[in-house]
Amino acid sequence: MEKIENISTTIPEDLKKCIAFHGHQCPGLVYGYLVARQAIKILTLKRSRDEEVVAVCENDSCAVDPFQVLLGTTAGKGNLIIKDYGKNAYTILNRASKTAYRFSRKQHYTYKGKDKEEFARLDAAISEGSETTRERWHHKHLKSEDLLSRPFDEVFSTEKVEFSMPPYAPLARSEACSTCGEMTMSTKMVCADNGNLLCIPCSKKISTDQRKSAAE
Ligand SMILES: [Zn+2]
Ligand SMILES: [Zn+2]
Numbered sequence: 290m291e292k293i294e295n296i297s298t299t300i301p302e303d304l305k306k307c308i309a310f311h312g313h314q315c316p317g318l319v320y321g322y323l324v325a326r327q328a329i330k331i332l333t334l335k336r337s338r339d340e341e342v343v344a345v346c347e348n349d350s351c352a353v354d355p356f357q358v359l360l361g362t363t364a365g366k367g368n369l370i371i372k373d374y375g376k377n378a379y380t381i382l383n384r385a386s387k388t389a390y391r392f393s394r395k396q397h398y399t400y401k402g403k404d405k406e407e408f409a410r411l412d413a414a415i416s417e418g419s420e421t422t423r424e425r426w427h428h429k430h431l432k433s434e435d436l437l438s439r440p441f442d443e444v445f446s447t448e449k450v451e452f453s454m455p456p457y458a459p460l461a462r463s464e465a466c467s468t469c470g471e472m473t474m475s476t477k478m479v480c481a482d483n484g485n486l487l488c489i490p491c492s493k494k495i496s497t498d499q500r501k502s503a504a505e
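Sequential numbering of the sequence shown, starting at 290, is according to this note's numbering.
Here you go:
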């Protein structure tokens with residue numbers, strides 16, 4: 290893996306922050322970065338302290354992290370929603386202006402940078418599985434640089450979508466699970482046949498045990 294110190298000086302400061310958070314520079318990170326930056330521009334966003342901005346990501350890849358860094362839409366605050374459809378598509382919502390945009394990658398990736406031969410060589414090595422770790426990272430690096438040099442509209446389509454207010458992250462009191470005794474958010478608990486409240490792992494264990502004894 291490339292070390293953070295090797296980041297070239299041409300990389301913008303905000304992308305450097307994303308790389309520092311994520312751990313490496315890769316094409317996935319760049320996809321997320323491009324969308325986050327575009328969303329900041331067209332939705333006039335400031336980093337979300339609370340849940341003013343919401344990001345809905347249609348994949349769970351490296352691309353998710355720039356939203357956490359630049360938009361403040363984080364896993365912990367509940368304003369980073371992951372719908373794992375395996376699509377390179379993102380909807381960013383601004384609660385204040387009640388506007389939302391969906392960005393979706395336009396087409397299959399083709400390298401357009403200046404190291405075409407080297408990229409093709411690395412591509413071939415990767416597809417036959419003979420690449421070294423260094424080559425794999427070099428391939429990712431060339432692809433990232435290429436993506437960064439393109440106009441946004443060449444990579445992603447932008448569509449204004451209807452704003453529907455996403456619910457705020459739920460808050461609920463905790464109760465002790467009647468089996469393991471651990472404090473558990475009450476809205477996540479399961480009510481057993483005898484009326485006892487159980488945490489999810491305990492409720493699963495009980496139903497497995499019941500199935501086992503029914504089979505005996
Ligand atoms: Zn990555
Ligand atoms: Zn329990």
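Glycine is no exception: its CB is placed at the ideal position from the N, C-alpha and C atoms.
#1: Verify whether the separation of the beta carbon atoms of T380 and V450 is less than 8 Å.
#2: Is T468 a contact residue of ligand 2, with contact defined as CB to any heavy atom under 7 Å?
#3: Using CA atoms only, rank isn't needed, just tell me which of S393, H313, G367 and S386 is closest to A325.
#4: Alpha carbon to alpha carbon, what distance is there between D303 and K335?
#5: I need the straight-line Cα distance from M472 to E464, nearest angstrom please.
#6: With hydrogens ignored, establish whether the beta-carbon of C307 is closer than 7 Å to any heavy atom of ligand 2.
#7: Hey, how far is the Cα of L369 from the Cα of R384?
#8: State the CB to CB distance for the pair E347 and A378, rounded to an integer number of angstroms; the pair is presumed to be in contact (CB under 8 Å).
#9: If you draw a straight line from the alpha carbon of Y390 to that of V479, how long is it in whole angstroms?
#10: Taking the alpha helix (DSSP H) that V342 falls in, what are its first and last residues?
#11: Should D349 and I371 be called a contact, given that it needs their Cβ atoms to be closer than 8 Å?
#12: When the Cα atoms are used, what is the spatial distance from S433 to V319?
#13: Anyone know if the C-beta pair for A458 and G367 falls short of 8 Å?
Checking against the coordinates, here is how it stands:
#1: yes
#2: Yes, the Cβ of T468 comes within 7 Å of a heavy atom of ligand 2.
#3: S393
#4: Using only the alpha carbons, I get a separation of about 13 Å.
#5: 5 Å
#6: no
#7: 14 Å
#8: 4 Å
#9: Computed Cα separation, rounded: 37 Å.
#10: The continuous stretches of alpha helix (DSSP H) do not include V342, which lies in the beta strand (DSSP E) extending over residues V342 to C346.
#11: yes
#12: Roughly 6 Å between the two C-alpha positions.
#13: yes
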